[in-house]
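Protein sequence lines, in the order shown, are assigned to chains A and B. First residue of the first sequence? That's 22 in the working numbering, and the numbers climb one at a time after it. First residue of the second sequence? That's 37 in the working numbering, and the numbers climb one at a time after it. Here a beta-carbon is modelled for each residue, glycine too, at the ideal position from N, C-alpha and C. Given the structure is predicted, the values throughout are model-derived calculations rather than measurements. Notes to accompany the following structure.
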Amino acid sequence: MNDNQIIELFWSRDKKALEYAQQAYHSLLVHIAKNITSSDEDAEECANDTYLKLWETIPPVRPESLKNYAARVVRNRAIDVYRREKARRKGTEISNIYEELETMFADGKNEYEEIEFQDLMNDFLKDLEKKDRILFVRRYWRGDSIRDLVQWSGLKESAVKMRLLRIRNRFQDYLKEGGIQV
Amino acid sequence: MTGIDLFERMDIIEDKYIAEAMEEVTAVSKKKYWWQWMAAAFVLAFIGVVNLCPGVAVAMNNVVGLKELVQVVTFDKSMKACLENEYAQYIGEEQITKDGHYSKVYYVVADASHISVFYKTDVPYTGEGIHHFPTITNTEGNFFYSSMVAKETDIKDSYEFRMDFLDDIDQEGLPKTLHFDISYGTAWENGKPSTENGWIQYPDAVSSYEIQLDDKFFVEAQQYTIDKKIELDGQSIWLDELKVYPTKTKLIIHEDTANDKRLCEMDAELLDKNGEECTRTNECIQAICGENGELTGYYLCYESNFFADTQGLQIVLKGAEWESVDVASAAVSYENKSVGVLPEKCELLEMQMDSDNTLLLRLKMQSTEDLTYSDEVWNEETGDFCEDTNWDDYEEEGYYIREYRIANYQEGMYKMNITKYEWVRPENPILIDVK
Numbered sequence: 022m023n024d025n026q027i028i029e030l031f032w033s034r035d036k037k038a039l040e041y042a043q044q045a046y047h048s049l050l051v052h053i054a055k056n057i058t059s060s061d062e063d064a065e066e067c068a069n070d071t072y073l074k075l076w077e078t079i080p081p082v083r084p085e086s087l088k089n090y091a092a093r094v095v096r097n098r099a100i101d102v103y104r105r106e107k108a109r110r111k112g113t114e115i116s117n118i119y120e121e122l123e124t125m126f127a128d129g130k131n132e133y134e135e136i137e138f139q140d141l142m143n144d145f146l147k148d149l150e151k152k153d154r155i156l157f158v159r160r161y162w163r164g165d166s167i168r169d170l171v172q173w174s175g176l177k178e179s180a181v182k183m184r185l186l187r188i189r190n191r192f193q194d195y196l197k198e199g200g201i202q203v
Numbered sequence: 037m038t039g040i041d042l043f044e045r046m047d048i049i050e051d052k053y054i055a056e057a058m059e060e061v062t063a064v065s066k067k068k069y070w071w072q073w074m075a076a077a078f079v080l081a082f083i084g085v086v087n088l089c090p091g092v093a094v095a096m097n098n099v100v101g102l103k104e105l106v107q108v109v110t111f112d113k114s115m116k117a118c119l120e121n122e123y124a125q126y127i128g129e130e131q132i133t134k135d136g137h138y139s140k141v142y143y144v145v146a147d148a149s150h151i152s153v154f155y156k157t158d159v160p161y162t163g164e165g166i167h168h169f170p171t172i173t174n175t176e177g178n179f180f181y182s183s184m185v186a187k188e189t190d191i192k193d194s195y196e197f198r199m200d201f202l203d204d205i206d207q208e209g210l211p212k213t214l215h216f217d218i219s220y221g222t223a224w225e226n227g228k229p230s231t232e233n234g235w236i237q238y239p240d241a242v243s244s245y246e247i248q249l250d251d252k253f254f255v256e257a258q259q260y261t262i263d264k265k266i267e268l269d270g271q272s273i274w275l276d277e278l279k280v281y282p283t284k285t286k287l288i289i290h291e292d293t294a295n296d297k298r299l300c301e302m303d304a305e306l307l308d309k310n311g312e313e314c315t316r317t318n319e320c321i322q323a324i325c326g327e328n329g330e331l332t333g334y335y336l337c338y339e340s341n342f343f344a345d346t347q348g349l350q351i352v353l354k355g356a357e358w359e360s361v362d363v364a365s366a367a368v369s370y371e372n373k374s375v376g377v378l379p380e381k382c383e384l385l386e387m388q389m390d391s392d393n394t395l396l397l398r399l400k401m402q403s404t405e406d407l408t409y410s411d412e413v414w415n416e417e418t419g420d421f422c423e424d425t426n427w428d429d430y431e432e433e434g435y436y437i438r439e440y441r442i443a444n445y446q447e448g449m450y451k452m453n454i455t456k457y458e459w460v461r462p463e464n465p466i467l468i469d470v471k
């Protein structure tokens with residue numbers, strides 16, 4: 022069953038939609054959530070919360086991609102859980118990602134218009150080579166570990182880390198050119 | 037703003053980039069440990085090429101608009117050759133949606149590794165306001181490719197929608213029908229999401245095309261036997277054959293069974309008859325597996341446009357990278373302040389215990405272009421690998437710093453492996469003539 026068919030089940034309030042969504046995306050949702058929460062239990066909780074959210078919001082929403090929509094929902098949910106459980110999360114991979122992002126915005130001001138930043142981010146991504154763009158999105162949106170990225174890319178670990186560092190540096194330069202203070 | 041706030045803010049990344057990152061499947065061929073090969077799911081790499089309807093091929097001079105499209109649109113060399121040699125299937129269908137959006141599908145190009153659909157529509161692919169979103173599914177309504185991307189061509193309002201397969205397909209694997217849909221919707225308006233959830237809303241109108249792929253003219257890849265053994269520093273590689281398709285060429289190799297190191301990568305150039313180097317398209321050697329998932333060889337892939345003329349091809353072998361275990365199962369010992377004997381230019385920088393019984397381990401590991409060491413620390417009882425939590429890369433100085441934090445450390449429970457990755461290059465490049 023494809024995305025569009027599952028969405029139609031949501032729209033017709035057929036509870037089989039939840040079953041099919043779970044079959045299709047449970048492992049992905051748990052993976053994303055675990056990247057952020059570092060806990061199997063919390064990741065499962067986030068995934069289950071996501072199905073409820075899908076049921077509550079479709080309709081009226083008709084997402085272009087159910088997969089993307091569910092991924093965003095679980096990501097947001099996992100971030101909430103992380104905030105709640107922050108004290109327990111020291112030394113985890115996700116905390117490394119937060120540190121990396123903080124170095125991209127070193128002085129911490131981050132004062133910019135939301136739409137301006139959004140345009141700059143997406144324009145920046147558009148100009149990146151595809152592999153670099155996927156590395157960036159997987160690391161800083163999906164929360165993939167370096168090991169995950171090594172496995173996906175076939176690059177050595179040091180090469181992945183260097184690529185990410187260079188992309189972050191490029192992004193800083195890109196923001197500066199766009200007049201955004203970093 | 038904290039890191040988590042910034043991470044949360046990354047949700048402004050557009051849907052298409054999220055989809056791209058999630059659709060892209062693993063392309064890696066090399067693994068750090070032999071046993072990981074058995075856990076991977078590989079598809080048997082049949083190699084075949086479909087020549088789409090040479091009898092009904094692009095008649096450039098007779099198709100209104102197509103000649104212009106072909107002349108102006110930017111392709112890579114291999115795609116240009118594809119058109120010149122009539123491997124493109126002309127479609128020529130157009131539609132208008134209920135709300136008046138126009139689209140036309142010009143042609144389709146397919147080979148064992150990918151399918152491209154060239155089309156035109158009057159609605160942009162990105163940006164604020166209304167835009168279009170293309171998808172392709174097979175007759176079961178499923179996506180069957182590993183990655184997809186739409187990109188603008190040099191002609192206004194014209195696009196290429198390209199799908200790449202994870203592994204080569206043969207004639208039977210090529211779908212008979214492609215369902216190509218162009219949907220229209222809005223994502224952002226006046227700087228805000230068009231819905232409260234920030235998602236694209238679709239009008240009812242969608243342009244749907246059913247593209248029938250004609251496979252009656254099936255063209256096998258041209259195969260040239262090489263069967264040459266190359267020895268480098270006591271290890272051997274067999275160059276088996278070259279397989280040439282309309283748009284690319286694969287060099288098929290395998291390792292000698294007597295090797296005691298594992299092949300990670302090769303530096304091998306492919307030159308055409310004019311001595312021009314063909315662009316390598318895979319970043320590392322990719323595995324070929326048998327029916328039971330066993331590794332049977334690797335391939336290197338190059339962009340090529342000499343399907344119709346394969347005289348004078350030459351391979352220039354400049355080196356190979358080998359993986360070997362340098363240190364196996366050395367005990368990590370806080371009592372002895374030791375991680376076993378380290379290779380040259382690697383050293384244990386620090387070993388300290390925190391008040392909460394977390395062991396901090398810091399290592400300096402050599403990492404140069406031709407020689408890199410990689411480390412792994414794991415709990416011997418549970419088999420869990422310890423995550424490294426920090427690093428600093430000093431590429432120019434030729435090393436990196438690795439840091440582990442092992443919570444609830446217990447003496448005698450942890451081991452370390454060190455793996456060596458070393459390039460071996462012959463004094464002079466080895467030249468191999470294919471034909």
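Legend entry - Length of the line joining the Cα atoms of Thr-78/A and Ser-369/B: Going by the C-alpha atoms only, they are around 54 Å apart.
Legend entry - Euclidean distance between Cα positions of Tyr-142/B and Tyr-155/B: If you take the alpha carbons of Tyr-142/B and Tyr-155/B, they lie about 5 Å apart.
Legend entry - Residues of its chain near Arg-461/B, where Cβ-Cβ distance is below 7 Å and the 5 sequence neighbours each way are ignored: Around Arg-461/B: Lys-354 and Gly-355.
Legend entry - Contact belief for Thr-425/B with Tyr-440/B at Cβ below 8 Å, rounded distance in angstroms: The pair is a contact, with the Cβ atoms about 7 Å apart (cut-off 8 Å).
Legend entry - Three-state secondary structure (DSSP) of Asn-453/B: Of the three classes helix, strand and coil, the one that applies to Asn-453/B here is strand, per DSSP.
Inset, instruction - Measuring alpha carbon to alpha carbon, tell me which of Gly-221/B, Ala-257/B and Gly-128/B ends up nearest Ala-148/B. - result: Residue Ala-257/B is the option with its Cα nearest to Ala-148/B.
Legend entry - DSSP three-state assignment for Met-199/B, whether helix, strand or coil: Three-state result, Met-199/B: strand.
Inset, instruction - Taking Ser-219/B and Phe-169/B to be in contact with their CB atoms under 8 Å, please state how far apart those CB atoms are, rounded to whole angstroms. - result: Cβ-Cβ separation between Ser-219/B and Phe-169/B: approximately 5 Å, consistent with a contact (criterion under 8 Å).
Inset, instruction - Using a Cβ-Cβ cut-off of 8 Å, state whether Ile-100/A counts as contacting chain B. - result: Yes, because at least one Cβ of chain B sits closer than 8 Å to the Cβ of Ile-100/A.
Inset, instruction - Classify Met-142/A as helix, strand or coil using the three-state DSSP reduction. - result: It is helical.
Legend entry - Cutoff 8 Å: Tyr-41/A Cβ touching any chain B Cβ: The Cβ of Tyr-41/A sits no closer than 8 Å to any Cβ of chain B.
Legend entry - Alpha-carbon spacing of Ser-139/B relative to Trp-32/A, whole angstroms: Ser-139/B and Trp-32/A have their C-alpha atoms spaced approximately 28 Å apart.
Inset, instruction - Alpha carbon to alpha carbon, how far is Ile-27/A from Thr-213/B? Give it in angstroms, no decimals. - result: So the two alpha carbons sit approximately 22 Å from each other.
Inset, instruction - Report the residue from Leu-396/B, Glu-458/B and Thr-133/B whose alpha carbon sits nearest the alpha carbon of Glu-405/B. - result: Closest by alpha carbon: Glu-458/B.
Inset, instruction - Starting from Val-158/A, find everything on chain B with Cβ-Cβ shorter than 7 Å and list it in chain order. - result: Residues of chain B passing the Cβ test: Ile-49, Tyr-53, Ile-54 and Ala-57.
Legend entry - Rounded straight-line distance, which links the Cα of Ala-55/B to that of Glu-120/A: For Glu-120/A and Ala-55/B, the distance between alpha carbons rounds to 25 Å.
Legend entry - Where Asp-24/A falls, given that 16 or more other Cβ within 10 Å makes a residue buried: Burial call: buried.
Inset, instruction - If I'm right that Leu-196/A touches Tyr-161/A with Cβ under 8 Å, what's the distance once you round it to whole angstroms? - result: Their Cβ separation, rounded to whole angstroms, is 14 Å, which puts Leu-196/A and Tyr-161/A out of contact at 8 Å.
Inset, instruction - Return the CA-CA distance between Asn-464/B and Ala-92/A, expressed in angstroms with no decimal places. - result: Computed Cα separation, rounded: 52 Å.
Inset, instruction - Just the C-alpha distance for Ala-146/B and Phe-343/B, rounded to the nearest angstrom, thanks. - result: Put simply, the backbone Cα of Ala-146/B is about 15 Å away from that of Phe-343/B.
Legend entry - Ser-174/A and Leu-156/A closer than 8 Å at C-beta: The answer is yes: Cβ separation under 8 Å.
Inset, instruction - May I ask you to report which of helix, strand or coil DSSP gives Tyr-409/B? - result: DSSP places Tyr-409/B in strand when its eight states are reduced to three.
Inset, instruction - Go to His-52/A, then tell me how far its beta strand (DSSP E) extends in each direction, as first and last residue. - result: According to the DSSP assignment, His-52/A belongs to no beta strand (DSSP E) but to the alpha helix (DSSP H) extending over 37–58.
Inset, instruction - Kindly confirm or deny that the segment 174–194 of chain A and the segment 96–106 of chain A touch, where touching means at least three C-beta pairs closer than 8 Å. - result: These segments do not touch.
Inset, instruction - Name the residue from Asn-318/B, Tyr-334/B and Thr-317/B whose alpha carbon lies nearest to the alpha carbon of Cys-325/B. - result: Cα-wise, what sits closest to Cys-325/B is Tyr-334/B.
Inset, instruction - Kindly indicate the opening and closing residues of the beta strand (DSSP E) around Ser-139/B. - result: Taken as a continuous stretch (DSSP letters only), the beta strand (DSSP E) holding Ser-139/B covers 138–146.
Legend entry - 8 Å Cβ cutoff, Gly-129/A in contact with chain B: The pLDDT assigned to Gly-129/A is 48, lower than 50, so where the model puts this residue is not dependable, and the model offers no usable value.
Inset, instruction - Report the option in Pro-211/B, Trp-274/B, Leu-349/B and Pro-282/B whose CA atom is closest to the CA atom of Asp-250/B. - result: Ranking the options by Cα distance to Asp-250/B, first place goes to Pro-211/B.
Legend entry - Same chain only: Cβ atoms within 7 Å of Gly-164/A, ignoring 5 sequence neighbours per side: Around Gly-164/A, the same chain offers Ile-53, Asn-56, Ile-57, Ile-115 and Ile-118 as residues with beta carbons nearer than 7 Å, after the five sequence neighbours per side are excluded.
Inset, instruction - Please state if the CB of Asp-429/B and the CB of Ser-179/A are separated by a distance shorter than 8 Å. - result: Their beta carbons are under 8 Å apart, which means Ser-179/A touches Asp-429/B by this criterion.
Inset, instruction - Can you have a look at Thr-418/B and say buried or exposed, based on whether 16 or more other CB atoms are within 10 angstroms of its CB? - result: The residue is exposed, with fewer than 16 neighbouring Cβ atoms inside 10 Å.
Legend entry - Reference Lys-456/B; option with closest CA among Ser-360/B, Leu-385/B and Gln-388/B: Measuring from the Cα of Lys-456/B, the nearest candidate turns out to be Ser-360/B.
Legend entry - Close-in-space but distant-in-sequence residues of the same chain around Ser-194/B (CB under 6 Å, 5 per side omitted): So the list reads Lys-156, once near-sequence residues are dropped.
Inset, instruction - Starting from Arg-11/A, find everything on chain B with Cβ-Cβ shorter than 8 Å and list it in chain order. - result: Summary: the structure shown does not reach residue 11/A, with chain A confined to residues 22 through 203, and so no result is reported for it.
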